[in-house]
Amino acid sequence: MELEQCIINRRSIRRFQKTPVQYEDIVAMVDAARWAPSWKNSQVTRYYAVLQEDRKNQIAQSMPAFNQIACLEAPLLLVACAKKARSGYNRDGSFATNKEKGWQMYDVGLSNMLLSLKAYELGLGTVIMGYYDEQVVAQAIDLADDQEVVAVIAVGYADEMPEAPKRKNVEELLVIK
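Position one of the sequence shown corresponds to residue 1 (the UniProt record's numbering), numbered consecutively onward.
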């Protein structure tokens, strides 16, 4: 599949079939994600694959109603996390730029985009969610103390494919000086 096809046709999927996601596909998605660029090649992104229904329910209950359905229907939740105090930091622990810890969010976002494109190539749908109770999600996955939750990604085979949302023209997004 052409990259442009994946970019243009990928959608945020909120309704999923019950068909399980194969282990090989989970590995392939994370393998794609690991190639994302990161601050000084810090590679801070970590993924927790949640397949157990009780843990998925716990995570879903920490979200607003509009995201709960995707969590409960998706056969797989990937919790994207970041290693703390690495991306955007100097060796002495101080922030390297005024973006402070924003760099780790940026780095995880880059990984998540590659993961989502790979999922689409594999015939899977994803929706990246950032509205949840971080403590509840961290507890549900037994998160290590040196990491923090960045996003929850519902993954599965799409039950319905939404229309493409309207996009701004390139002229609205690009400034050339």
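Virtual Cβ for every residue (Gly too), placed ideally from N, Cα, C.
Bridge partners for residue i per DSSP, in chain order?
| i | result |
| --- | --- |
| residue 81 | 46, 149 |
| residue 128 | 153 |
| residue 38 | Answer by DSSP bridge pairing: none, since residue 38 is not bridged. |
| residue 76 | 155 |
| residue 12 | 126 |
| residue 95 | 89 |
Residue j and residue i - do their beta-carbons sit closer together than 8 Å?
| i | j | result |
| --- | --- | --- |
| residue 49 | residue 69 | no |
| residue 16 | residue 154 | yes |
| residue 63 | residue 119 | no |
| residue 55 | residue 144 | no |
| residue 44 | residue 87 | yes |
| residue 151 | residue 74 | no |
| residue 51 | residue 60 | no |
| residue 42 | residue 107 | yes |
| residue 10 | residue 162 | no |
| residue 6 | residue 134 | no |
Any idea what DSSP makes of residue i, helix, strand or coil?
| i | result |
| --- | --- |
| residue 119 | helix |
| residue 60 | helix |
| residue 112 | helix |
| residue 169 | coil |
| residue 136 | helix |
| residue 226 | With the chain represented from 1 up to 177, any question about residue 226 goes unanswered, as that position is not in the structure. |
According to the neighbour-count rule (16 or more other Cβ atoms, all chains shown, within 10 Å of its Cβ), is residue i buried or exposed?
| i | result |
| --- | --- |
| residue 1 | exposed |
| residue 46 | buried |
| residue 65 | exposed |
| residue 186 | Only positions 1 to 177 of the chain appear in the structure, and residue 186 is not among them; the question remains open. |
| residue 173 | exposed |
| residue 76 | buried |
| residue 3 | exposed |
Am I right that residue i and residue j are in contact with their C-beta atoms under 8 Å? What's the rounded C-beta distance?
| i | j | result |
| --- | --- | --- |
| residue 21 | residue 123 | The Cβ separation is near 10 Å, so there is no contact. |
| residue 128 | residue 116 | 7 Å |
| residue 182 | residue 160 | Shown here, the chain extends from 1 to 177; a query on residue 182 therefore has no answer. |
| residue 82 | residue 104 | 4 Å |
| residue 13 | residue 164 | No, residue 13 and residue 164 are not in contact; Cβ-Cβ is about 13 Å, not under 8 Å. |
| residue 39 | residue 114 | About 16 Å separates the two Cβ atoms, so there is no contact after all. |
| residue 131 | residue 90 | That pair is no contact at about 32 Å. |
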